[in-house]
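Those sequence lines, one after another, are chains A and B.
Read left to right, the first sequence gives residues 1 to 121 (my numbering).
Read left to right, the second sequence gives residues 1001 to 1121 (my numbering).
Every residue, glycine too, gets a C-beta built ideally from N, C-alpha and C.
None of these values were measured; they are calculated from a predicted model.
Data first, discussion second: the structure below is written as structure tokens.
There are 2 protein chains.
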Amino acid sequence: MLMKKNEEFVQSVNPKGQKSCDSFHNTIEFIGKRWMGIIIYHLLDGPKRFFELSSEIEGISDRLLTERLRDLEAHGLVIKNQSDPKIRKVEYELTPKGKELEDIIQAIFEWVKKNGCCYEE
Amino acid sequence: MLMKKNEEFVQSVNPKGQKSCDSFHNTIEFIGKRWMGIIIYHLLDGPKRFFELSSEIEGISDRLLTERLRDLEAHGLVIKNQSDPKIRKVEYELTPKGKELEDIIQAIFEWVKKNGCCYEE
DNA sequence: TTTATAAGGTTACTATTAGTAAGCTTGTTT
DNA sequence: AAACAAGCTTACTAATAGTAACCTTATAAA
């Protein structure tokens, strides 16, 4: 496989001094948080308003949608655009770093297409 | 993008009658559960014993390792091999379906390599 | 031969995270 | 003027995760 495995990878650190395997761990758990993947998926269409996301994503509550968007913002994956603070028009848009998540989302799609869902029972 | 978006995809169903977007949602959240990704990553090396996983994966508790392995088994991603029940040698191995998760893991690696961690602060 | 140690867990309890539901503010529509 | 919509926040309950101790059986060591 292409990934560097075992000692070489496990011991390696990124420029910020973190172990690469920790970065991997943090990243997969961040994008795997409840609703996170599906929010990113919907934002891959382009910028969207809060109510657009909340109506497209069946079942999500306003509370968690807010929390996830703040999370994404805080980690530089999404930017919040509010041209005029007087007008309640807020748009959320993926940053370049956020848009690059598409390959991951794509890989999950391919897997689902081929293998079906994890929860097919 | 290659993914079928919006109505066409959102309304499509798999052979078990589930909506494709639900399968995607379930799958990403399943593999994003805490420790799940890193467990799968370590199993991509080949079959491993319980204590090998628990010592390679820094910080995981026996309780959650057990729980995650049962989860993976229940969803057909891992098989548990115990040749002789009298001997306490238990090995966990990815099924073909489990091995195909490699592309997803790989995509996350590529993203981390390029963009750094989600939690870099 | 008792004693200790390791594998592969389970149990009980606490802390963190998610879900549900209601409410709030300000602008627009009727 | 009253009702409604966007984009949140708050309060409370339920589910999931973390911590730590314990259990069983088999081999290794003293």
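- Message: Quick check on A/L101 - is its C-beta less than 8 Å from some C-beta in chain B?
- Response: With 8 Å as the cut-off, A/L101 counts as an interface residue toward chain B.
- Where A/D45 and A/Y92 are concerned, what is the direct C-alpha to C-alpha distance, given to the nearest angstrom? So the alpha carbons of these two residues sit roughly 11 Å apart.
- Burial state of A/G59 (16 or more Cβ within 10 Å): By the Cβ-count criterion, A/G59 is exposed, with fewer than 16 other Cβ atoms from all chains shown falling within 10 Å of its own Cβ.
- Task: Give the range of the beta strand (DSSP E) segment to which A/V78 is assigned.
- Result: Its beta strand (DSSP E) spans residues 78-81.
- Item | CB contact check: B/K1033 to chain A, cutoff 8 Å | True, the Cβ-Cβ gap to chain A drops below 8 Å.
- Task: Quick one: measure Cβ to Cβ for A/G32 and B/I1028, integer angstroms, because I've assumed they're closer than 8 Å.
- Result: Rounded, the Cβ-Cβ distance is 6 Å, consistent with contact.
- Query: Expressed to the nearest angstrom, what Euclidean distance is found between the alpha-carbon atoms of B/I1108 and A/F24?
  - Reply: Taking the straight line joining both Cα atoms gives about 7 Å.
- Query: What three-state label does DSSP hand B/V1112 in the structure shown?
  - Reply: For B/V1112, the three-state secondary structure derived from DSSP is helix.
- B/E1100, enclosing alpha helix (DSSP H) - first and last residue: In the DSSP assignment, B/E1100 falls outside any alpha helix (DSSP H) and carries neither an H nor an E.
- Task: For A/Q63, name the three-state secondary structure that DSSP assigns.
- Result: Position check: residue 63 of chain A holds Arg in this sequence, whereas Gln was assumed. A/R63: helix per DSSP, three-state reduction.
- Query: If the cut is a Cβ gap below 9 Å, which residues of chain A does B/V1078 touch?
  - Reply: For B/V1078, none of the residues of chain A pass the 9 Å Cβ criterion, the least Cβ distance being about 12 Å.
- Spatial distance of B/F1050 from B/M1036 (CA atoms): In a straight line, the C-alpha of B/F1050 is about 14 Å away from that of B/M1036.
- Query: Under three-state DSSP, which class holds A/E91?
  - Reply: The three-state secondary structure of A/E91, taken from DSSP, is strand.
- Item | Contacts that B/T1066 makes with chain A (C-beta to C-beta distance below 9 Å) | Going along chain A, no residue has its Cβ under 9 Å from B/T1066, so there is no contact; the nearest lies around 19 Å.
- A/R70, DSSP secondary structure in three states: It is helical.
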